[in-house]
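Colleague: Numbering (our numbering), first residue to last: 69 to 504. Here a beta-carbon is modelled for each residue, glycine too, at the ideal position from N, C-alpha and C. Just so we're clear, the structure is a prediction, and the values are computed from it rather than from any experiment.
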């Protein structure tokens with residue numbers, strides 16, 4: 069019997085558990101640990117609240133958790149409640165599937181000013197992550213700047229621009245919805261160091277900007293390459309650039325009455341975040357040009373006002389004590405998922421924050437193939453029974469999948485009209501619901 073511990077209950081963790089079941093059937097036992105009392109990681113706290121169809125993948129993960137040989141072990145923080153070394157004594161393989169939950173630093177002067185937030189924190193705030201529920205971003209100013217040209221940047225823009233009515237059917241948490249309802253933001257500038265052909269925005273997310281009730285997307289036609297150059301792009305990128313071209317052609321009549329302008333500022337590298345009295349007031353920008361696909365500064369400097377800045381330039385994995393870490397790439401140091409004998413990583417924890425939710429499925433199957441090579445039939449380790457003894461000795465308040473169902477039911481019951489749920493944003497409230 070093989071005993072496997074997976075640290076992290078997001079997509080990478082669940083796809084790895086699914087792969088273990090397909091590899092060994094009933095001859096494996098899998099414990100999926102999470103530091104929070106609730107499962108699904110990125111699906112719950114990263115996917116935009118108005119993209120409910122994407123969250124439907126959690127039903128697949130639930131089927132895995134309801135099988136006889138997979139357990140959810142919530143509210144257990146590895147490194148605090150139990151060490152990696154202890155888990156390696158108990159399990160044949162320990163797989164780190166912790167994702168990349170923290171913001172990558174920009175290194176730009178002024179990034180610590182009030183009013184400057186990383187996207188992990190800002191997204192966590194409107195998605196109800198307990199770590200960021202108290203963020204309280206200031207939306208009382210008229211100018212917001214979003215740094216980045218990926219889908220997360222588009223999510224942030226959309227959340228800032230939507231009306232309350234447009235959040236019908238979403239699970240944005242009430243504290244964020246109420247605060248955004250009083251937002252005074254009237255201009256959102258989206259900064260990208262390179263040009264339209266280098267964006268990482270997909271057509272679906274970009275297209276949504278053209279259908280918001282009160283937002284006008286603007287692109288400077290001079291920033292767009294000659295249309296014949298679009299032919300060299302892959303089909304998805306070509307569609308995205310076509311949407312940007314379409315934004316330049318929106319009739320004036322269709323723009324009337326809309327109160328928020330979304331300005332795409334390409335070839336724009338932020339050089340410094342400016343502030344007064346410790347609060348951000350603007351972004352100093354250098355105009356760039358492309359040389360060999362890289363953004364090179366031209367020396368032309370200008371300033372954009374901003375009372376709110378959200379930095380969407382990428383994420384990094386959280387280090388764990390005694391686990392080798394690759395600081396440069398923000399992930400665990402590994403060779404194709406192997407960290408050291410008995411210790412592995414998968415998903416963003418392995419490769420860095422790249423790829424989609426679905427990319428984690430082949431990643432999970434690949435790491436299980438390596439584990440199969442390494443552990444054979446298993447070493448008769450105690451697995452979950454051994455962990456349960458530790459949990460009892462240390463009086464850990466472990467949350468099971470049955471407990472999660474109680475939390476889930478309570479969140480659904482407390483939802484506002486038109487919302488699928490109202491998430492608990494405090495860990496103790498989650499535990500209280502689980503124990504009710």
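1. Could you check which residue in 375, 331, 358 and 320 has the C-alpha nearest to that of residue 346?
2. Could you compute how far the alpha carbon of residue 104 sits from the alpha carbon of residue 86?
3. In three-state DSSP terms, what is residue 141?
4. Quick one: using the 10 Å Cβ neighbour count with 16 as the cut-off for buried, is residue 338 buried or exposed?
5. Going by other Cβ atoms of all chains shown within 10 Å of its Cβ, with 16 needed for buried, is residue 324 buried or exposed?
6. Identify which residue in 98, 120, 170 and 504 has its Cα closest to the Cα of residue 380.
7. Give the range of the alpha helix (DSSP H) segment to which residue 473 is assigned.
8. Tell me the start and end of each unbroken alpha helix (DSSP H) in the region 148–211 that is at least 4 residues and wholly inside, in chain order.
9. For residue 475, count the other beta carbons within 10 Å of its own beta carbon; 16 or more makes it buried, fewer makes it exposed. Which is it?
10. Quick one: any contact between the region 413–423 and the region 80–97, if contact means 3 or more CB pairs under 8 Å?
11. Report, in whole angstroms, the separation of the C-beta atoms of residue 340 and residue 331, which I expect to be a contact under 8 Å.
12. Am I right that residue 267 and residue 214 are in contact with their C-beta atoms under 8 Å? What's the rounded C-beta distance?
13. Give a yes or no on whether the C-beta atoms belonging to residue 311 and residue 350 are separated by under 7 Å.
14. Using 8 Å as the Cβ pair cut-off and three pairs as the minimum, do the region 218–232 and the region 278–293 touch?
15. If you check the beta carbons only, do residue 494 and residue 198 fall under 7 Å apart?
16. Quick check on residue 110: does DSSP put it in helix, strand or coil?
17. Residue 188 and residue 383: beta carbons closer than 7 Å?
18. Using DSSP's beta-bridge definition, name the partner residues of residue 73.
19. In this structure, does DSSP put residue 290 in helix, strand or coil?
20. Whose C-alpha, out of 112, 115, 176 and 143, is nearest the C-alpha of residue 471?
21. Hey, would you say residue 74 sits closer than 7 Å to residue 165, going by beta carbons?
22. Are the beta-carbon atoms of residue 258 and residue 378 separated by less than 7 Å?
23. Between the C-alpha atoms of residue 403 and residue 395, what's the straight-line distance to the nearest angstrom?
24. Residue 345 by DSSP, collapsed to three states: which one?
25. Taking only beta-carbon positions, decide if residue 227 is within less than 7 Å of chain C.
26. Rounded to the nearest angstrom, what separates residue 482 and residue 489 at their Cα positions?
27. Work out the CA separation of residue 145 and residue 452 for me, nearest whole Å.
28. With a cut-off of 8 Å on the beta carbons, I'd call residue 392 and residue 369 a contact; round off their distance for me.
29. Nearest to residue 342 by CA position, among 182, 163 and 226, is which residue?
30. What residue ranges within the region 211–279 form continuous alpha helix (DSSP H) runs of no fewer than 4 residues, ordered along the chain?
31. Could you spell out where the alpha helix (DSSP H) holding residue 122 opens and where it closes?
Modeller: In short:
1. Looking at the Cα atoms, 375 is the closest of the given residues.
2. Going from the Cα of residue 104 to the Cα of residue 86 covers about 21 Å.
3. strand
4. buried
5. exposed
6. 170
7. 469–481
8. 152–158 and 187–195
9. With at least 16 other beta carbons inside 10 angstroms of its own, residue 475 counts as buried.
10. yes
11. Contact flag wrong, Cβ pair sits at about 20 Å.
12. About 13 Å; that fails the 8 Å criterion.
13. no
14. yes
15. yes
16. If DSSP states are grouped into helix, strand and coil, residue 110 belongs with the helices.
17. yes
18. 99 and 162
19. helix
20. 143
21. Yes, they are a contact pair.
22. no
23. 15 Å
24. coil
25. The structure shown contains no chain C, having only a single protein chain.
26. 7 Å
27. 16 Å
28. Residue 392 to residue 369, Cβ: 41 Å. No contact.
29. 182
30. Complete alpha helix (DSSP H) runs here, min 4: 219–229, 242–249 and 271–276.
31. Segment 120–123, the alpha helix (DSSP H) holding residue 122.
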